[in-house]
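Below you'll find the structure, written out as structure tokens, and then a few comments.
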Amino acid sequence: MSAIFPIFAFIAISALNINGLSKMGAMLTEAYTDVIPSLDDLGHMAASSQALSNHLWATLANPTDKDFRKDHVEKFKAAFAEYTKYQSAYEATPFSEEESKNYAKVKDKKEAFAKATETIAAELGKHSPEGDEKVREIFRDGWRTMANDISEVTEMNTAIYQKTSKENTIEKDDLYRQNLNITIFASAFAIFALIGILMWMAQRISHTVENIANALLTSGKYVTDSIQQLSATGQTLSQASTSAAASLEETVASLEEMSSMVKMNSDNAKQASALSQTSRDSAEQGEKEIHSLISSMHEISSSSKKIEEIITVIDDIAFQTNLLALNAAVEAARAGEQGKGFAVVADAVRSLAQKSAVAAKDISDLIKDSVQKIDRGTKIADHSGTVLNNIVISVKKVADLNHEISAASNEQSTGITQVGKAMNQLDQSTQMNAASAEEIAASAEELLQQSQNMQEKVQDLNAVILGFRENEIKTTPVVAPKAEKAPAIKTSETPKAKNNVVEFEMKKKPTPKVTAKSTAAAVIPFDEDEDPPEFNSNGPRGKVGTTDGF
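My numbering puts the first residue of the sequence shown at 33, with every later residue one more than the last.
Here's what the structure looks like:
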């Protein structure tokens with residue numbers, strides 16, 4: 033409870049300060065989010081309103097200089113755009129009741145002022161006496177009054193924000209002084225309370241040191257036994273680490289050999305994948321060629337059928353010619369002597385028609401035979417295309433499998449390489465563990481000596497507190513046998529890779545030096561009177577600490 037009191041006091045003081053800081057932070061936030069932006073917007077609105085009047089009168093005062101007028105008209109428009117921009121920003125900020133009341137007459141005439149200003153800009157841009165006269169009428173009819181209202185409202189609302197800023201400053205100063213006074217009072221109270229608690233704690237501590245000394249003495253005995261076990265365990269760990277380092281070295285060598293074999297398989301798989309891809313491309317090209325051949329066969333078959341139809345037409349023509357020749361011969365016979373010449377011609381025509389019919393029949397037979405053969409060839413080509421398509425599908429599957437085998441081999445090679453790196457790191461760690469185990473054994477011996485020195489200091493502390501020394505505990509230092517160093521571990525100043533084993537030099541820790549014996553009385557000066565005999569059944573105690581000793 034006594035240790036918690038300062039924490040409670042600190043928390044209370046911190047809470048008061050945080051409360052004050054929160055209020056001041058709120059004031060600053062209000063200033064940055066409301067006051068400053070609003071003052072800035074009002075200032076720009078007032079400046080823009082004044083600029084509108086200046087550019088308006090400058091334009092009207094120079095009716096003949098068009099370049100001068102044009103420049104001021106553009107500035108008039110820019111000033112109005114700036115006024116509109118900052119007016120919109122100002123209206124987006126929160127208003128107080130008084131501020132809203134003042135701004136009402138500007139807000140109510142906002143659209144009228146904007147329309148009048150745009151009309152003025154348009155008329156001034158005409159650069160004519162009529163336009164200037166109309167501008168003067170707009171100015172007299174209300175624009176001047178609205179501009180004056182804007183200037184008046186901006187001044188009034190600016191004064192409101194300035195007043196708010198001064199009030200916030202005064203409130204901030206009062207809050208600062210209030211927090212400072214509370215902090216000083218609370219700190220003083222906490223300090224005096226803490227001094228009283230420390231005095232009470234000092235009295236309790238002085239009567240508790242004896243128990244602590246006895247506990248330290250008992251703990252020293254256990255520490256001595258534990259250190260002896262630690263020394264033996266360190267030697268065992270050193271031997272095991274040495275053996276593990278040798279095994280890891282052999283494992284790393286095996287992994288490297290396996291990695292080279294997997295890399296060779298990966299390269300072969302890549303070559304097989306490339307050959308499969310080439311075969312796949314060739315098969316696909318063959319498939320395209322056979323499809324082209326099938327298409328050509330179908331075209332030839334179609335052409336042959338058309339030729340067959342043409343031959344049929346020729347045969348029909350020959351038959352009709354033969355009939356005509358017969359008719360001509362009959363007519364020639366009827367004509368008698370006068371038709372003999374015509375009969376000879378008709379007989380020649382008939383002979384030619386018969387020959388044409390025989391030739392057409394022969395050609396038709398050949399064409400039919402060709403069509404039948406082409407049909408059989410087309411069917412064979414179709415079947416070949418189907419077979420070649422199956423071959424292409426199989427080649428594609430083989431190529432995909434080879435690609436997957438190549439990818440799997442690459443991943444396997446990468447994985448084995450990573451395992452090899454991990455084994456190398458593990459080998460380094462094992463060698464470091466072996467050297468660290470030797471250092472643990474040496475440190476355990478040194479720790480044993482320190483434990484004995486601690487027990488002697490506890491005896492001195494008992495002599496100071498109890499007035500007499502207990503029998504000293506004699507311990508026999510246990511020196512653990514040194515572990516044999518692993519022949520595979522070589523030391524060098526910098527890491528060197530050899531046979532895939534990184535070798536490190538293990539720097540020995542400097543042996544801590546034991547200073548000369550110092551008594552507890554020299555460390556903790558207790559210089560008060562002895563306790564009355566009734567507090568100790570063994571007689572009056574020695575020097576017991578009191579509050580003045582702390």
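The C-beta atom is built at its ideal place from N, Cα and C for all residues, glycine as well.
According to the Cβ coordinates, are residue i and residue j closer than 8 angstroms?
i	j	result
A350	S388	yes
S483	V255	yes
A424	E316	In the sequence on display, residue 424 carries Val and not Ala. Yes, they are a contact pair.
S80	Y115	yes
L420	E319	yes
F374	A360	yes
A304	N434	yes
K583	E155	Within the shown structure, residues of the chain are numbered from 33 to 582, placing residue 583 beyond reach of any answer.
A431	S308	yes
L207	V490	no
S263	N442	no
L92	D164	yes
T353	A385	yes
L74	Y122	yes
K400	E340	yes
A365	G371	yes
E131	I50	no
S416	T344	no
Tell me the DSSP secondary structure of residue i in three-state form.
i	result
H323	helix
D205	helix
P161	helix
K253	helix
D97	coil
T449	helix
S46	helix
K429	helix
S81	helix
P69	helix
T125	coil
K141	coil
V533	Interpretation of V533 is limited by its pLDDT of 38, a score under 50 that renders its predicted location unreliable; no figure is taken from the coordinates.
Roughly how many angstroms separate the alpha carbons of residue i and residue j, rounded to a whole number?
i	j	result
N300	K411	42 angstroms
E470	E477	11 angstroms
K393	S327	29 angstroms
A111	P161	23 angstroms
E488	I472	24 angstroms
F145	K204	41 angstroms
K517	S251	Interpretation of K517 is limited by its pLDDT of 45, a score under 50 that renders its predicted location unreliable; the figure taken from the coordinates is listed afterwards. When rounded, the distance between both Cα atoms is 34 angstroms.
Q267	Q460	19 angstroms
A454	S438	24 angstroms
I448	M290	8 angstroms
L269	D492	37 angstroms
V138	E106	24 angstroms
T201	A225	36 angstroms
G228	T240	19 angstroms
L287	S273	20 angstroms
A276	S445	26 angstroms
K78	A222	Here residue 78 is Ala; the residue named in the question, Lys, does not match the sequence. Approximately 56 angstroms between the Cα atoms of the pair.
K117	A179	16 angstroms
K599	E129	The structure shown has nothing for residue 599, since the chain only spans 33 to 582.
Q119	T215	46 angstroms
V451	A474	34 angstroms
L458	A467	14 angstroms
K253	N485	12 angstroms
I170	E143	15 angstroms
V427	I332	31 angstroms
N94	H104	10 angstroms
So residue i and residue j are in contact, right, with Cβ under 8 angstroms, and what is the actual spacing, rounded?
i	j	result
L480	Q260	7 angstroms
A220	A44	Going by Cβ atoms, the distance from A220 to A44 rounds to 13 angstroms, so no, they are not a contact pair.
A391	L325	Rounded, the Cβ-Cβ distance is 32 angstroms, inconsistent with contact.
A153	K109	5 angstroms
K198	H159	With 8 angstroms as the limit, K198 and H159 do not qualify as a contact, their Cβ atoms being about 50 angstroms apart.
T18	P69	The requested residue 18 does not occur in the structure, where the chain is confined to residues 33 to 582.
L280	T462	6 angstroms
Counting only beta-carbon atoms, is residue i nearer than 8 angstroms to chain C?
i	result
S308	Of the protein chains in this structure there is only one, and it is not chain C.
Q. Would the region 327-347 and the region 401-411 be scored as touching if the rule is three or more Cβ pairs under 8 angstroms?
A. yes
Q.
Quick check: the region 128-137 against the region 182-192, are at least 3 beta-carbon pairs closer than 8 angstroms?
A. yes
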